[in-house]
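**Student:** Got a structure for you, written out below as structure tokens; questions coming shortly.
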Amino acid sequence: MNLLQIYPNLNISCEVLGVTSNSKKVRKNFIFVAIKGKKKNGKKFIKEALDHGACLIVTDQMVLRPYAHIRVKNAKKEYIRLLQLFYHYNHEIYTVGITGTDGKTTTANILNQIFNEAKSSAYIGTNGIHYLNKKIPTTHTTPTPDLFYEAYSVFKKHEINDLVMEVSSEGIIDGRIQKLEFDGAIFTNLSHEHLNSHKTMDGYFKAKAKLFQNLKPNGLAILNSDDFYATELAGHTKARVITYGLESGMYQAKNIHLSLLSSDFDVYYKGIFLAHFTLPLFGKYNIYNALAAIAYTNELGIDLKYIKKGVETLLPIDGRFMYLKNKKNITGIVDFAHTPNALLNLLSNLKEFKKGKIIMILGAQGEKDSSKRSKMGKIATNYSDITIFTSEDPKHESLFGILYDLTKSLEDKEYYMTISRREAIQLAAKLSNPNDIILITGKGNENFEQVEDYHFRHNDYTLLKSALDA
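Numbering (the numbering used here), first residue to last: 7 to 476.
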């Protein structure tokens with residue numbers, strides 16, 4: 007791709023070898039797009055980009071220096087356009103977006119596994135980029151546009167049929183899915199989260215609704231009808247709407263039997279029995295996630311044998327209900343739950359199976375929605391027998407302020423507190439007895455904890471296993 011093809015009026019001939027908004031990724035003959043973000047202004051990194059060999063600077067800000075540049079109306083939109091041109095994006099892969107407060111990752115993994123049973127599929131989301139047994143870690147639920155389009159071009163090269171993608175509300179408002187075409191979308195639920203970005207639940211809902219507003223009339227919208235926002239969301243799309251739920255919906259799960267490691271249920275479509283499923287995941291909340299994937303694939307006409315196999319042979323989902331048990335019959339569980347709704351679902355389901363105490367370890371991530379913290383503190387102390395509050399990626403926020411937010415509404419409640427997450431895990435192990443459950447939430451299987459700009463090696467599951475073995 008030559009610059010003359012993109013901007014003929016510039017009269018600059020250069021064979022473009024890459025497009026990026028990250029100055030550190032710039033190489034010779036790259037286009038650098040200087041975008042003004044929430045925390046950093048790309049304009050400040052123009053010199054670095056030029057030093058690395060950028061052949062053109064694209065910006066929507068005033069530039070006075072005499073280097074090759076073009077000023078556009080909206081740098082973010084132009085960035086998307088340039089990436090689509092560079093990677094030859096066209097809508098060749100059937101693409102499904104999954105959005106909601108909780109359950110995106112699990113739903114996406116189940117759907118991706120069913121698609122892979124039938125044909126070939128790729129996944130993009132919280133747990134990275136997965137395709138053809140390859141796994142690439144990412145830093146965002148919905149990746150930055152440069153990473154997405156590069157991945158999409160690789161999927162096309164390998165003739166991938168389907169793409170299952172988690173779509174976060176912050177990814178939507180940040181413009182990461184601008185100009186992407188989705189064939190369908192799934193709505194899991196909507197509850198308290200990200201109010202630091204959206205301010206109100208209405209603002210949060212409107213961000214999620216944008217995914218469904220962009221679906222075409224021949225698209226497919228799968229909605230959790232047990233959720234308060236489903237009815238309103240149905241009015242925001244032209245696509246064909248299909249509902250699911252445990253209490254209502256066209257697709258319903260009935261005759262549910264739960265254990266700590268699996269869930270059995272029957273699926274009915276409009277009151278008619280469809281099939282029996284054994285899901286190798288814990289909790290009613292995961293039946294919702296499986297039901298969404300079952301509904302979507304059944305509506306596409308995928309053979310039921312592939313749907314059943316995809317659900318029933320589901321591989322473990324990284325960071326979700328990671329289970330271990332030691333010789334003293336003490337159970338350890340590590341889970342990503344980091345919202346009030348996810349925590350409530352997990353603890354209320356877990357309480358039905360406890361024979362001893364539930365010992366809970368949790369914190370709250372820094373620089374995120376602080377208004378949810380006191381709710382999470384109440385849920386933790388109401389549903390667990392022992393609660394230990396601790397650090398969880400405070401980043402540049404005061405850890406003591408976070409701990410105060412978590413505990414400020416806990417009147418007449420006893421709890422432990424430590425600034426060390428490692429110490430919290432060791433304490434939980436010391437306080438545990440046979441038949442107790444130690445539950446750690448918030449980080450899942452992450453391998454680092456961030457304090458200020460430092461990343462310290464830390465893994466909840468490894469530390470818990472070590473503490474229980476000791």
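All C-beta atoms in this analysis are idealised placements derived from N, C-alpha and C, irrespective of residue type, glycine included.
Would you give the residue range spanned by the beta strand (DSSP E) that residue 259 belongs to?
**Tutor:** Here the beta strand (DSSP E) through residue 259 covers 257-264.
**Student:** Give me the residue from 398, 60, 438 and 337 with the minimum Cα distance to residue 38.
**Tutor:** 60
**Student:** Please list the terminal residues of the continuous beta strand (DSSP E) segment that includes residue 172.
**Tutor:** 168-172
**Student:** Applying the criterion that 16 or more other CB atoms from any shown protein chain within 10 Å of the CB defines a buried residue, is residue 476 buried or exposed?
**Tutor:** exposed
**Student:** Need the endpoints of the alpha helix (DSSP H) that residue 382 sits in, please.
**Tutor:** Annotation: the continuous alpha helix (DSSP H) that includes residue 382 extends over 379-389.
**Student:** Give the secondary structure of residue 340 by DSSP, where H, G and I count as helix, E and B as strand, and everything else as coil.
**Tutor:** strand
**Student:** Are the CB atoms of residue 245 and residue 217 within a distance shorter than 8 Å?
**Tutor:** no
**Student:** So, at 6 Å on beta carbons, what are the nonlocal neighbours of residue 431 in its own chain, with the 5 sequence-adjacent residues on each side left out?
**Tutor:** 469, 470 and 473
**Student:** Our contact map puts residue 402 next to residue 372 with C-beta atoms below 8 Å; I'd like the distance itself, whole angstroms only.
**Tutor:** 7 Å
**Student:** Give the DSSP bridge partners of residue 462, in chain order.
**Tutor:** 455
**Student:** Please report the residue range of the alpha helix (DSSP H) in which residue 22 lies.
**Tutor:** Per DSSP, residue 22 belongs to no alpha helix (DSSP H) and is neither H nor E.
**Student:** Compare the C-alpha of residue 108 against each of 394, 427 and 326 and name the closest.
**Tutor:** 326
**Student:** Measuring only the C-alpha atoms, how far is residue 425 from residue 355?
**Tutor:** 28 Å
**Student:** Keeping to the same chain, check which residues put their C-beta closer than 8 Å to that of residue 155; ignore five residues upstream and five downstream.
**Tutor:** Cβ neighbours of residue 155 beyond the five flanking positions: 89, 90, 92, 93 and 95.
**Student:** Which stretch, first to last residue, makes up the beta strand (DSSP E) that contains residue 416?
**Tutor:** Per DSSP, residue 416 belongs to no beta strand (DSSP E) and is neither H nor E.
**Student:** Assuming residue 320 and residue 116 form a contact by the criterion Cβ under 8 Å, report the distance between their Cβ atoms to the nearest whole angstrom.
**Tutor:** 6 Å
**Student:** Report the three-state DSSP secondary structure of residue 177 (helix, strand or coil).
**Tutor:** helix
**Student:** Check the C-beta distance from residue 385 over to residue 437 and give it rounded, since I have them as a contact under 8 Å.
**Tutor:** At roughly 20 Å, the Cβ-Cβ gap does not stay under 8 Å, so residue 385 and residue 437 are not in contact.
**Student:** If we count Cβ pairs, one from each stretch, closer than 8 Å, do we get three or more for the region 455-469 versus the region 411-425?
**Tutor:** no
**Student:** Look up residue 298 in the DSSP assignment and say whether it is helix, strand or coil.
**Tutor:** helix
**Student:** Could you pull out every residue in the same chain whose Cβ sits closer than 7 Å to the Cβ of residue 82, ignoring the five residues on either side in sequence?
**Tutor:** 41 and 181
**Student:** Taking 8 Å as the threshold (C-beta atoms), are residue 298 and residue 142 in contact?
**Tutor:** no
**Student:** Select from 307, 313 and 254 the residue whose C-alpha is nearest the C-alpha of residue 283.
**Tutor:** The option with the nearest alpha carbon to residue 283 is 313.
**Student:** Based on the DSSP secondary-structure assignment, which residues constitute the bridge partners of residue 445?
**Tutor:** DSSP output for residue 445 lists 339 and 366 as bridge partner(s).
**Student:** State buried or exposed for residue 307, treating a residue as buried only when at least 16 other CB atoms are found within 10 Å of its CB.
**Tutor:** exposed
**Student:** When you compare the region 127-135 with the region 144-155, are there three or more beta-carbon pairs, one atom per stretch, that lie closer than 8 Å?
**Tutor:** yes
**Student:** Under a CB-based cut-off of 8 Å, is residue 130 close to chain B?
**Tutor:** Reference to chain B is not applicable here, since this structure consists of a single protein chain.
**Student:** Could you tell me the alpha carbon to alpha carbon distance between residue 174 and residue 148, rounded to whole angstroms?
**Tutor:** 6 Å
**Student:** List the DSSP bridge partners of residue 422.
**Tutor:** 394
**Student:** Within 10 Å of its beta-carbon, does residue 219 have 16 or more other beta-carbons around it, so buried, or fewer, so exposed?
**Tutor:** exposed
**Student:** What ranges does the beta strand (DSSP E) occupy inside the region 106-139, keeping only unbroken runs of at least 3 residues that lie completely in it?
**Tutor:** 127-131 and 134-137
**Student:** Given 8 Å as the limit, is there contact between the region 324-338 and the region 234-250, that is, 3 or more CB pairs closer than that?
**Tutor:** no
**Student:** For residue 281, which residues does DSSP report across the bridge?
**Tutor:** 273
**Student:** Grab the span of the beta strand (DSSP E) containing residue 206 for me, first residue to last.
**Tutor:** Segment: none, residue 206 is in no beta strand (DSSP E) and carries neither H nor E.
**Student:** Starting from residue 188 and walking both ways along the beta strand (DSSP E), at which residues does that stretch end?
**Tutor:** Residue 188 -> no beta strand (DSSP E), and no H or E assigned at all.
**Student:** Decide if residue 495 is buried, meaning its Cβ has at least 16 other Cβ atoms within 10 Å, or exposed.
**Tutor:** Missing from the structure shown is residue 495; the chain here goes from 7 to 476 and no further.
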